[in-house]
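Protein chains in written order, with the numbering used here: chain C, 271 to 385; chain R, 2 to 111.
For reference, the structure discussed in these notes is given below.
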Amino acid sequence: EAQVTQNPRYLITVTGKKLTVTCSQNMNHEYMSWYRQDPGLGLRQIYYSMNVEVTDKGDVPEGYKVSRKEKRNFPLILESPSPNQTSLYFCASSLSFWDGGVRAFFGQGTRLTVV
Amino acid sequence: ELKVEQNPLFLSMQEGKNYTIYCNYSTTSDRLYWYRQDPGKSLESLFVLLSNGAVKQEGRLMASLDTKARLSTLHITAAVHDLSATYFCAVVGYGNKLVFGAGTILRVKS
C-alpha cells in the first residue's frame, strides 16, 4: 500500500531536548516536504527536498533541520525544541515537484508538545 | 512574498445547497492545489490546477483557476453531510515554496 509514515504520532518533550520525527515513503517519490499546522494559520512549509541530498528552506525553517540521505526518508530534526514549536507536523511526498499534476501524499501527522 | 487568502474561513450550509469557496493569491503562480482535511486526520489531495482556465470536477466539487485574477474557486453543488471537512488551497510560489491558505471549515447541516 502506498503510504507516507511518520513517527511518532504523538510526542511530549521538554525544552531543549533534541528530537527527531521520522518520515518514510514507499513510493519512490523524489519530492518530500515538512509542514506545521497551527490553528488559523493553515499549513506552513518548513523544509522541502527535491531529491536525495537536495534540500531547501520553506517559509518557517528556523529551529529545524532536515536531511535526505536516501530517497525514502526525510527526517525532521529539532536540535533544541522550544514551546513555540508545539504544533501538528505533516510530512508529504509526491513523485516529482516538476510534475505538478501528480497528487501529493501526506503522512498521518505528528502532534508535538514542548513544555 | 506570496500570500494566500481563503474565504470564508467558516461555512455552515444546509444539505442540498450550493456554495463557493474562494482562494486569492498575491503573486504570479501557475500551480494551485486543493486539499481536504477531516477532523483529526491528514490531508487528502483533491485537485491540481496547472493553467489559466483549468477546471477540474469530482463528484459534487468543482475547482477552477483564473491566473490573471489570481483566483481559484471551489464550488460545492448540492452539499451533503459527507462533505463536512476543512478545505485548503495551496499555491506554488517563488523558489518552489508551497504556501497554504488558512483553510475553510465547512459544516453541512441536515
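Built from N, CA and C at the ideal position, the CB exists for glycine as well.
query: Heavy atom of the ligand NAD less than 7 Å from the Cβ of residue 357 of chain C, yes or no?
result: Looking for the ligand NAD in the displayed structure turns up nothing, as the structure carries no ligands at all.
field: Cβ contact check for the segment 86-93 of chain R and the segment 27-45 of chain R: 3 or more pairs under 8 Å
entry: Contact between the segment 86-93 of chain R and the segment 27-45 of chain R is present, with at least three C-beta pairs closer than 8 Å.
- prompt: What first and last residue would you give for the beta strand (DSSP E) that runs through residue 326 of chain C?
  reply: The residue you call residue 326 of chain C lines up with position 56 of the first sequence. Start and end: 324-327.
- prompt: Do you know whose CA, among C/277, C/271 and C/273, lies nearest residue 359 of chain C's CA?
  reply: Stepping through the first sequence from its first residue, residue 359 of chain C is reached at position 89. Looking only at C/277, C/271 and C/273, the smallest Cα-Cα distance to residue 359 of chain C is reached by C/277.
message: Is there a C-beta anywhere in chain R that falls below 8 Å from the one on residue 295 of chain C?
response: The residue labelled residue 295 of chain C in the question sits at position 25 within the first sequence. So, not an interface residue.
query: Okay, do the segment 54-67 of chain R and the segment 3-13 of chain R touch, 3+ Cβ pairs below 8 Å being the bar?
result: Output reads no: the segment 3-13 of chain R does not touch the segment 54-67 of chain R.
query: Which term fits residue 96 of chain R, buried or exposed, when burial requires 16 or more other beta carbons within 10 angstroms of its beta carbon?
result: Start at 1 with the first residue of the second sequence, and residue 96 of chain R comes out as number 95. Exposure of residue 96 of chain R is indicated by the presence of fewer than 16 other C-beta atoms within 10 angstroms of its C-beta.
- request: State the start and end residues of the unbroken beta strand (DSSP E) segment that holds residue 307 of chain C.
  value: As a first step, residue 307 of chain C is located in the first sequence; it is residue number 37 there, counting from the start. For residue 307 of chain C, the enclosing beta strand (DSSP E) covers residues 301-308.
query: Using the beta-carbon of each residue, which ones in chain R are nearer than 9 Å to residue 360 of chain C?
result: Here residue 360 of chain C refers to the residue found at position 90 when the first sequence is read from its first residue. In chain order: 43 and 44.
task: Check the DSSP bridge columns for residue 330 of chain C and list the partner residues they point to.
output: Counting from one through the first sequence, the residue named residue 330 of chain C turns up at place 60. Looking at the DSSP assignment, residue 330 of chain C forms no beta bridge with any residue, so it has no partner.
query: Between residue 108 of chain R and residue 339 of chain C, what straight-line distance do the alpha-carbon atoms span, to the nearest angstrom?
result: For the purposes of this step, residue 108 of chain R is taken as the residue at position 107 of the second sequence. For the purposes of this step, residue 339 of chain C is taken as the residue at position 69 of the first sequence. If you take the alpha carbons of residue 108 of chain R and residue 339 of chain C, they lie about 42 Å apart.
message: Between residue 366 of chain C and chain R, is the shortest Cβ-Cβ distance under 8 Å, so that the two count as touching?
response: Reading the first sequence from its first residue, position 96 is the one you call residue 366 of chain C. False, the Cβ-Cβ gap to chain R never drops below 8 Å.
- prompt: Which residues in the same chain as residue 373 of chain C place their Cβ atom closer than 8 Å to its Cβ, once the five residues preceding and following it in sequence are excluded?
  reply: Numbered from 1 along the first sequence, position 103 holds the residue referred to as residue 373 of chain C. Correct list, in chain order: 364.
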